[in-house]
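Q: Per the working numbering, the sequence shown starts with residue 87, numbered consecutively.
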Amino acid sequence: MSHTSKQFTIDTSKPVAVTGATGYIAGVLVQQLLEQGVTIHASVRDPSKKDHLQYLQNLGEKNPGTIKFFKADLLEEGSFAKCFDGCEIVFHTASPFQLSVDDPQKDLIEPAVKGTKNVLNTVNNTPSVKRVVLTSSIAAIYTDSSESKNNPLNEETWNRTASLKYKPYNLSKTLAEQVAWEMAGSQTQWKLATINPSMVLGPGARFHPSSTSFKMMKSLGDGSMKACPNNGFGVVDVREVATAHIAAAYIPDAKGRHILNAENTGFYEIAKALRSHFPKYPIPSYKMPKTLLWLIGPTMAGTSRKEISNNCEVIPNFDHTKSVQELGIKYRPVAKTAEDMFQQLVDEGVVGKK
Ligand code: NDP
Numbered sequence: 087m088s089h090t091s092k093q094f095t096i097d098t099s100k101p102v103a104v105t106g107a108t109g110y111i112a113g114v115l116v117q118q119l120l121e122q123g124v125t126i127h128a129s130v131r132d133p134s135k136k137d138h139l140q141y142l143q144n145l146g147e148k149n150p151g152t153i154k155f156f157k158a159d160l161l162e163e164g165s166f167a168k169c170f171d172g173c174e175i176v177f178h179t180a181s182p183f184q185l186s187v188d189d190p191q192k193d194l195i196e197p198a199v200k201g202t203k204n205v206l207n208t209v210n211n212t213p214s215v216k217r218v219v220l221t222s223s224i225a226a227i228y229t230d231s232s233e234s235k236n237n238p239l240n241e242e243t244w245n246r247t248a249s250l251k252y253k254p255y256n257l258s259k260t261l262a263e264q265v266a267w268e269m270a271g272s273q274t275q276w277k278l279a280t281i282n283p284s285m286v287l288g289p290g291a292r293f294h295p296s297s298t299s300f301k302m303m304k305s306l307g308d309g310s311m312k313a314c315p316n317n318g319f320g321v322v323d324v325r326e327v328a329t330a331h332i333a334a335a336y337i338p339d340a341k342g343r344h345i346l347n348a349e350n351t352g353f354y355e356i357a358k359a360l361r362s363h364f365p366k367y368p369i370p371s372y373k374m375p376k377t378l379l380w381l382i383g384p385t386m387a388g389t390s391r392k393e394i395s396n397n398c399e400v401i402p403n404f405d406h407t408k409s410v411q412e413l414g415i416k417y418r419p420v421a422k423t424a425e426d427m428f429q430q431l432v433d434e435g436v437v438g439k440k
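(1) For Ala348 and Val321, which I take to be in contact (beta-carbon distance under 8 Å), what is that distance rounded to the nearest angstrom?
(2) Near Ala335, which residues of its chain fall below 8 Å by C-beta distance, leaving aside the five closest residues on each side in sequence?
(3) Along the chain, where does the alpha helix (DSSP H) that runs through Tyr217 open and close?
(4) Would you please state the rounded distance, in angstroms, between the beta carbons of Thr90 and Lys416? I believe it to be under 8 Å.
(5) Quick one: Cα of Thr98 to Cα of Gly123, how far?
(6) Can you tell me where the alpha helix (DSSP H) holding Leu378 begins and where it ends?
(7) Would the C-beta of Ala180 count as close to ligand 1, meaning under 6 Å from any of its heavy atoms?
(8) Got a sec: does ligand 1 put a non-hydrogen atom nearer than 6 Å to the Cβ of Arg325?
(9) For Asn350, name the three-state secondary structure that DSSP assigns.
(10) Quick one: what does DSSP say Cys169 is sitting in, helix, strand or coil?
(11) For the candidate residues Glu434, Lys408, Met427 and Pro402, whose alpha-carbon lies nearest to that of Pro443?
(12) Does the Cβ of Arg292 lie closer than 6 Å to at least one heavy atom of ligand 1?
(13) Taking buried to mean at least 16 other C-beta atoms within 10 Å of its own C-beta, is Asn144 buried or exposed?
(14) Would you kindly report the start and end of the unbroken beta strand (DSSP E) that includes Pro283?
(15) Compare the beta carbon distance of Asn240 and Asp132 with 7 Å and say whether it is the shorter of the two.
(16) With a threshold of 6 Å (Cβ to nearest heavy atom), would Tyr110 be considered close to ligand 1?
(17) Looking at the strands, I want to know which residues DSSP matches up with His331.
(18) Can the beta-carbon of Ser299 be found closer than 7 Å to that of Tyr110?
(19) For a minimum of 3 consecutive residues, which ranges assigned as the beta strand (DSSP E) are wholly contained in the stretch 297 to 330?
(20) Alpha carbon to alpha carbon, what distance is there between Thr407 and Phe364?
(21) The alpha helix (DSSP H) spanning Val187 covers which residue range?
(22) Buried or exposed: where does His138 fall if 16 or more other Cβ atoms within 10 Å of its Cβ makes it buried?
(23) For the beta strand (DSSP E) that contains His178, what are its first and last residues?
(24) Does Ser186 pass the burial test, meaning 16 or more other C-beta atoms within 10 Å, or should it be called exposed?
(25) Using 8 Å as the Cβ pair cut-off and three pairs as the minimum, do the stretch 309 to 320 and the stretch 357 to 375 touch?
(26) In angstroms, rounded to a whole number, what distance separates the CA positions of Cys62 and Thr389?
(27) Please indicate yes or no: does the CB of Phe183 lie closer than 6 Å to some heavy atom of ligand 1?
(28) Evaluate Pro150 with the Cβ neighbour count: other Cβ atoms within 10 Å of its Cβ, from every protein chain shown; 16 or more gives buried, anything less gives exposed.
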C-alpha cells in the first residue's frame, strides 16, 4: 500500500466489517479495502436508500473486492449481528461528528458510548472476530491547544478537560474510547487498536455535505469565511487515516492507540497554501485579530472566551512517532491534502470562482 512503508499480508479469504460505511473516513477506508480485494460487510442506517449508496456500489464494481450492505443503528441493540457474522476484523468508524448540537447528551454522548458498547457486545457474541480497529480521535487526547504548551501530546495522554458544557464532542470520543478499552480488557477473544486522527482533510470517496471536514474546507472556498480564525490544530490526510486503519488491522503486533497527525498547523496556513493554487476563488487572506475575536466571538461566532484564550494564536503539538514506527505511515504535506480536497469541491461544483 502506498501510504505505509510496512509490508503486511491482507487476508482476502474472510470478510471484514466497516460500521458507518456512508461516512467520509469510512468511504476512503472502503475504497482502499476494495482495491486490495477484500470482501466488506458495510453497515448503513438505511440500505433502502439506493441513491445514497450508489457511489459505494460503484467502488465495489470497479475494484477487485466486494461490498455487501447490512442495516444497523448504533442505538439498536443487536443490530450489528448479521453484519459481523463471519468477520475476523471489525472497523468501527460510525459515530456522530458534529461540533455544535442542541442536546450533547442525546446527540453525541449516547450514540458514541452506547453505540460502542452495542458494537462491542456484538463482537463478544461473534466468535470469528479477532481484532477491532476503533476510529477514535485526537479529541480523546486533548481539548485545547494550550494543553500541549509544555510537552508534546502523545498516546499516553487522556482528555481530562472536556465536559458536557465545554467541547462535548471531545467528551463523547473520550468516553467511547474508554469504554472500548474496558471491554477489550475484560476478554481474550479479540484485540483492540485505536486510530486517533487530528482534523481529517483530503478528497473523499465523494463530496459529503454533512461531514464536518467538508464543511470546513467548503467554508474556506465559498466566500462564507471572510477572515481566518487564528487558532491552531493538527491536520492529517484521509488517505493516510484509511491506511492506518488497515495497517492496525493486519500488522500482527499493532496495538494500543495511534495518533494520526501530519502537521500542527492552522486555518491561515491552509488558506495560504490554497490561495496560491486557486487564485480565482474567494479564499480568505486575513487572520482575524485575537482582540476582535475576543469581542465578537461569544455573540457572533458561538465561541467562548475560554476557547479563544486557550486556542487563539496557539499551535498544538502532537507527537505522531508511534504511527510512523508501528504502522509505517508516510505523511504527505498538508498543503497537498488541502489542494486535493479543494480540487474535489471545484470538480463537483461545490465552490465557485469570484
Ligand atoms: P461522518 O459524519 O462523515 O460519518 C459519520 C458516520 O457515522 C456516518 O456513516 C453516519 O451514518 C454514522 N452514524 C452516525 N450516527 C449513527 C447511528 N446512530 N447509527 C449508525 N451510524 C451512525 O464522519 P467522519 O467520517 O468524519 O468520522 C468518522 C469517525 O471518525 C467518527 O468516529 C469521528 O468521530 C472520527 N473522527 C473524524 C475526524 C474528522 O476530522 N473527520 C477526526 C477524528 C476522528 P449516516 O450516514 O447514516 O448519518
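From the three backbone atoms N, C-alpha and C, an ideal C-beta is built for every residue, glycine too.
The structure presented is a predicted model; accordingly, all values stated were derived computationally and were not measured.
A: Put simply:
(1) Reading the sequence shown from its first residue, position 262 is the one you call residue 348. Reading the sequence shown from its first residue, position 235 is the one you call residue 321. With 8 Å as the limit, Ala348 and Val321 qualify as a contact, their Cβ atoms being about 6 Å apart.
(2) Here the question's residue 335 lines up with position 249 in the sequence shown. Excluding positions up to five away in sequence, the list reads Val102, Ile175, Phe177, Arg217, Val219 and Ala279.
(3) Translated into the one-based positions of the sequence shown, residue 217 becomes position 131. Residue identity differs from the one stated: residue 217 is Arg in this sequence, not Tyr. Taken as a continuous stretch (DSSP letters only), Arg217 belongs to no alpha helix (DSSP H), being part of the beta strand (DSSP E) at Arg217 to Thr221.
(4) If you number the sequence shown from 1, residue 90 lands on position 4. If you number the sequence shown from 1, residue 416 lands on position 330. That pair is a contact at about 7 Å.
(5) Counting from 1 along the sequence shown, the entry for residue 98 is found at position 12. Counting from 1 along the sequence shown, the entry for residue 123 is found at position 37. Each residue's Cα considered, the two are about 6 Å apart.
(6) As a working note, residue 378 is residue 292 in the sequence shown. Lys376 to Ile382 is the span of the alpha helix (DSSP H), which, as asked, contains Leu378.
(7) As a working note, residue 180 is residue 94 in the sequence shown. Checking every heavy atom of ligand 1 against the Cβ of Ala180, one is found closer than 6 Å.
(8) As a first step, residue 325 must be located in the sequence shown, where it is residue number 239. Not so, every heavy atom of ligand 1 lies at least 6 Å from the Cβ.
(9) Mapped onto the sequence shown, residue 350 falls at position 264. In the structure shown, Asn350 sits in a strand (DSSP, three-state: E or B).
(10) Translated into positions along the sequence shown, residue 169 becomes position 83. Helix, per DSSP.
(11) Not covered by the structure: residue 443. The range shown for the chain is 87 to 440.
(12) Residue mapping note: residue 292 aligns to position 206 of the sequence shown, counting from 1. No, ligand 1 has no heavy atom inside 6 Å of this Cβ.
(13) Here the question's residue 144 lines up with position 58 in the sequence shown. Label assigned to Asn144: exposed.
(14) In the sequence shown, counting from the first residue as 1, residue 283 sits at position 197. That run of the beta strand (DSSP E) goes Lys277 to Pro283.
(15) Against the sequence shown, residue 240 aligns to sequence position 154. Against the sequence shown, residue 132 aligns to sequence position 46. Cβ atoms of Asn240 and Asp132: not closer than 7 Å.
(16) Position 24 of the sequence shown, counted from the first residue, corresponds to residue 110. Correct: Tyr110 has its Cβ closer than 6 Å to ligand 1.
(17) Working through the sequence shown from its first residue, we reach residue 331 at position 245. Looking at the DSSP assignment, His331 forms no beta bridge with any residue, so it has no partner.
(18) As a working note, residue 299 is residue 213 in the sequence shown. As a working note, residue 110 is residue 24 in the sequence shown. It is a contact, given that the beta carbons lie within the stated cut-off.
(19) Taking 3 residues as the minimum length, the beta strand (DSSP E) runs contained wholly in the stretch 297 to 330 are 318 to 323, in order along the chain.
(20) Translated into positions along the sequence shown, residue 364 becomes position 278. Translated into positions along the sequence shown, residue 407 becomes position 321. Those two C-alpha atoms are separated by around 33 Å.
(21) Here residue 187 refers to the residue found at position 101 of the sequence shown. Premise fails: Val187 is in no alpha helix (DSSP H) and is neither H nor E.
(22) Translated into positions along the sequence shown, residue 138 becomes position 52. That one is exposed.
(23) By 1-based counting over the sequence shown, the position of residue 178 is 92. Counting along the chain, the beta strand (DSSP E) containing His178 begins and ends at Ile175 to His178.
(24) Residue numbering aside, residue 186 sits at position 100 when the sequence shown is read from its first letter. Answer is exposed; the Cβ neighbour count stays below 16.
(25) Flag = yes, the stretch 309 to 320 and the stretch 357 to 375 touch.
(26) With the chain covering 87 to 440 only, the question about residue 62 has no answer from this structure.
(27) Stepping through the sequence shown from its first residue, residue 183 is reached at position 97. Yes, the beta carbon of Phe183 sits closer than 6 Å to at least one heavy atom of ligand 1.
(28) The residue labelled residue 150 in the question sits at position 64 within the sequence shown. It counts as exposed.
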